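In the working numbering, the protein residues as written are 1 to 228.
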Ligand code: CA
């Protein structure tokens with residue numbers, strides 16, 4: 001099933017490289033959005049406070065107030081979707097952004113404005129989705145059993161361990177390496193690829209039980225999060 005197009009949005013683009021900001025604005029406009037570009041973190045906070053945009057596209061490296069500080073300040077007052085742009089390949093930066101409440105991040109190297117527009121759309125779709133009925137995942141650690149709305153999920157021990165970990169902190173992104181620690185290899189060497197394979201099976205079983213296909217969210221290049 002294709003999710004509905006989330007429609008146009010007023011996007012605050014916080015980017016201090018003028019050419020990049022102009023390029024992003026062009027692509028966003030072509031996709032039907034209404035971009036406003038600012039080149040500075042403090043100005044971004046003022047602009048957001050005044051005009052409450054639908055989404056913030058936030059560069060990590062900014063003069064003055066940096067992107068992580070802007071992210072933290074926005075989150076103190078608002079649940080506005082935030083997509084971070086980062087030139088650094090350093091995963092610690094990406095994770096810091098996600099832990100501060102950014103909804104997604106995009107690496108600027110290599111930079112693809114098309115991908116930015118696609119991610120903006122995906123984040124808006126999540127933010128604008130009608131509230132789902134409360135999810136009732138029940139995990140019985142003693143019995144090694146998991147139920148979705150009363151229906152038993154027939155999980156392998158590794159799938160159970162992954163679900164238990166992910167569901168322990170809904171919304172938090174777990175790195176593949178952290179999830180890998182949960183897997184037992186039965187004597188075989190397990191790789192981060194195994195995490196993807198178990199998550200794929202786990203998603204299929206959750207979907208079959210009626211939990212939807214996006215209950216476990218992939219964060220590209222980082223890992224997975226369970227969405228309550
Ligand atoms: Ca920058």
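The C-beta atom is built at its ideal place from N, Cα and C for all residues, glycine as well.
Computed from a predicted structure; not experimentally measured.
- Around the Cβ of residue 109, a 10 Å sphere holds fewer than 16 other Cβ atoms; the residue is exposed.
- In the three-state scheme derived from DSSP, where H, G and I count as helix and E and B as strand, residue 210 is classed as coil.
- Where residue 81 is concerned, there is no enclosing beta strand (DSSP E), because DSSP gives it neither an H nor an E.
- Taking C-beta separations shorter than 7 Å and ignoring five residues to either side along the sequence, the partners of residue 176 in its chain run 192, 195, 223, following chain order.
- Minimum Cα-Cα distance from residue 15 among the listed residues 121, 25, 122 corresponds to 25.
- Between residue 123 and residue 81, the beta carbon gap of about 5 Å places them in contact (Cβ cut-off 8 Å).
- For the pair residue 182 and residue 165, the CB atoms are nearer than the 8 Å cut-off.
- Counting only the Cα atoms, residue 228 lies some 14 Å from residue 210.
- Take the alpha-carbon of residue 141 and the one of residue 178: they are about 19 Å apart.
- Checking the 7 Å criterion, the Cβ of residue 84 is out of range of every heavy atom belonging to ligand 1.
- Within the segment 130–186, the runs of alpha helix (DSSP H) at least 4 residues long that lie entirely inside it are, in chain order, 157–168, 176–180.
- Ligand 1 never approaches residue 40 closely enough for any of its heavy atoms to be under 7 Å from the residue's Cβ.
- Excluding its 5 nearest sequence neighbours in each direction, residue 32 has C-beta neighbours in its own chain below 7 Å: 8, listed in chain order.
- For residue 101, the secondary structure class from DSSP, reduced to helix, strand or coil, is coil.
- Buried is the label assigned to residue 198, since at least 16 other Cβ atoms lie within 10 Å of its Cβ.
- Taking C-beta atoms as the reference points, residue 11 and residue 46 fail to come closer than 8 Å.
- The alpha-carbon separation between residue 38 and residue 83 amounts to approximately 15 Å.
- Taking residue 78 as the centre and dropping the five residues before and after it, the same chain places the C-beta of 48, 52 closer than 8 Å to its C-beta, in chain order.
- Partner residues in the beta bridge of residue 86, as assigned by DSSP, are 107.
- Rounded to the nearest angstrom, the Cβ distance from residue 217 to residue 225 is 5 Å, consistent with a contact under 8 Å.
- Our two residues, residue 62 and residue 162, have alpha carbons roughly 37 Å apart in a direct line.
- By a beta-carbon distance limit of 8 Å, residue 155 contacts residue 205. Their separation comes to about 7 Å.
- Collapsing the DSSP output to three states places residue 59 in a strand.
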